[in-house]
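One structure below.
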Amino acid sequence: MSELTIAAAAAPFTRDLDADLATIERLIADARARGVGLLVLPEAALGGYVESLHGDVDDPPPALDADGPELRRVAELAGEMVVAVGFCERGVPGAGDGVPGAPAADAHGGVRHNVAALVHDGEVLGIHRKIHMPLDEGRFTTPGTRLRAFDTPVGRIGMLICYDKAFPEASRTLALDGAQVLCFLSAWPCSATNAAERLQDDRQWRRSELWDRSRAAENSMVVASANQTGAFGALRFLGGARITDPNGDVVDATGPEGGLAVASFDLDATLTRARRALSPVRDLRPDVYATPVPIPYAVPAAPVAASAGT
Numbered sequence: 001m002s003e004l005t006i007a008a009a010a011a012p013f014t015r016d017l018d019a020d021l022a023t024i025e026r027l028i029a030d031a032r033a034r035g036v037g038l039l040v041l042p043e044a045a046l047g048g049y050v051e052s053l054h055g056d057v058d059d060p061p062p063a064l065d066a067d068g069p070e071l072r073r074v075a076e077l078a079g080e081m082v083v084a085v086g087f088c089e090r091g092v093p094g095a096g097d098g099v100p101g102a103p104a105a106d107a108h109g110g111v112r113h114n115v116a117a118l119v120h121d122g123e124v125l126g127i128h129r130k131i132h133m134p135l136d137e138g139r140f141t142t143p144g145t146r147l148r149a150f151d152t153p154v155g156r157i158g159m160l161i162c163y164d165k166a167f168p169e170a171s172r173t174l175a176l177d178g179a180q181v182l183c184f185l186s187a188w189p190c191s192a193t194n195a196a197e198r199l200q201d202d203r204q205w206r207r208s209e210l211w212d213r214s215r216a217a218e219n220s221m222v223v224a225s226a227n228q229t230g231a232f233g234a235l236r237f238l239g240g241a242r243i244t245d246p247n248g249d250v251v252d253a254t255g256p257e258g259g260l261a262v263a264s265f266d267l268d269a270t271l272t273r274a275r276r277a278l279s280p281v282r283d284l285r286p287d288v289y290a291t292p293v294p295i296p297y298a299v300p301a302a303p304v305a306a307s308a309g310t
């Protein structure tokens with residue numbers, strides 16, 4: 001495979017779909033001018049994220065159809081590029097994970113999933129539905145039930161959404177399914193209870209970067225991590241898009257203000273070199289791991305004032 005240039009974006013998104021599409025168009029144009037073949041946009045780039053992760057959601061993101069005009073527009077803008085983009089999907093009961101639609105119901109007028117879509121040249125190549133729900137996000141979205149990688153013109157790609165990346169099992173599953181690049185789409189906010197003056201000093205910044213680097217190193221893979229910026233409702237997003245190589249080293253990153261993190265790789269050569277000596281995926285010992293993994297303890301949901309989760 002020839003060299004692939006990968007970009008991860010940090011940018012703000014809101015309920016204004018026209019403004020969101022204009023932002024996406026600008027980011028795609030910027031990426032195209034820099035020779036990017038794979039662009040990762042944040043979670044909820046179409047329609048914005050929730051305004052709070054505590055309590056009921058009064059103004060949930062708009063539920064969009066996976067074959068609707070908004071995603072179709074992003075797919076058209078993508079052209080020859082492969083673009084990963086996040087949005088809230090209106091599901092269709094009876095369909096399975098990995099393709100548009102899935103069975104569920106919520107309190108906001110039907111089925112909703114927090115999803116990431118891979119699009120290219122006017123088509124949807126794959127859908128990932130967020131599996132792990134932080135705090136009260138599960139009040140308005142239904143978790144996905146499947147992890148899989150997708151073949152694309154630029155390689156085999158796996159996607160995770162925000163809190164999904166905190167679980168090493170999720171990234172490992174995608175690695176075992178042949179993913180060469182992990183795309184992390186996030187709307188990751190700063191700490192709600194102990195916010196730092198500088199976002200780069202916030203404990204959630206450290207945590208997000210730690211998981212990006214850990215998932216890359218423990219799977220000997222490239223990780224492209226996008227995030228939202230700015231403030232939305234009660235949340236202040238960290239920004240900090242980054243590209244991490246298979247050694248766990250951050251190759252390029254943005255600050256809290258946003259932009260594109262960009263890096264180029266010969267994927268086949270890079271992964272082969274990274275896995276030549278120590279390879280946590282190759283050297284797995286599933287015969288000694290507990291299956292299924294037991295849940296050793298339960299932690300009750302904490303009130304907002306006492307929460308250490310955000």
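Quick note on the UniProt record's numbering: the sequence shown kicks off at 1 and runs consecutively.
By construction, the Cβ of each residue, glycine as well, lies at the ideal position given by its N, Cα and C atoms.
Subject >> Opposing strand residues paired with residue 317 [DSSP bridges] >> reply: Since the displayed the chain opens at 1 and closes at 310, residue 317 lies outside it and no answer follows.
**OP:** Would you give the residue range spanned by the alpha helix (DSSP H) that R276 belongs to?
**Re:** Annotation: R276 is outside any alpha helix (DSSP H) and is labelled neither H nor E by DSSP.
Original post:
Secondary structure at P189, three-state DSSP: helix, strand or coil?
Top reply: If DSSP states are grouped into helix, strand and coil, P189 belongs with the strands.
Subject >> Endpoints, beta strand (DSSP E) assigned at D252 >> reply: V250 to A253 is the span of the beta strand (DSSP E), which, as asked, contains D252.
**OP:** Pull up the DSSP beta-bridge partners for A116, would you.
**Re:** Within the DSSP bridge table, the entry for A116 names G86 and H128 as partners.
Subject >> E123 - DSSP class collapsed to helix/strand/coil >> reply: Secondary structure at E123: strand, using DSSP grouped into helix, strand and coil.
Subject >> Secondary structure of S220, DSSP reduced to three states >> reply: Coil at S220, not helix or strand.
**OP:** Note down the Cα distance separating V85 from V119, rounded to an integer number of angstroms.
**Re:** Our two residues, V85 and V119, have alpha carbons roughly 8 Å apart in a direct line.
Original post:
Is L17 helix, strand or coil by DSSP?
Top reply: Under the three-state reduction of DSSP output, L17 falls in the helix class.
Original post:
When DSSP labels each residue in this structure, what does G101 get in the three-state scheme?
Top reply: Caution is warranted here: a pLDDT of 38 is assigned to G101, below 50, making its placement in the model unreliable, and no coordinate value can be reported.
**OP:** State the start and end residues of the unbroken beta strand (DSSP E) segment that holds A263.
**Re:** Element bounds for A263: G259 to F265.
Original post:
Quick one: is A10 buried, meaning 16 or more other Cβ sit within 10 Å of its Cβ, or exposed?
Top reply: Buried, because 16 or more other Cβ atoms sit within 10 Å of the Cβ of A10.
**OP:** May I have a chain-ordered list of the alpha helix (DSSP H) segments no shorter than 4 residues that lie completely inside the stretch 166-210?
**Re:** Under the rule that a run must span 4 or more residues, the alpha helix (DSSP H) segments found entirely inside the stretch 166-210 read 168-176.
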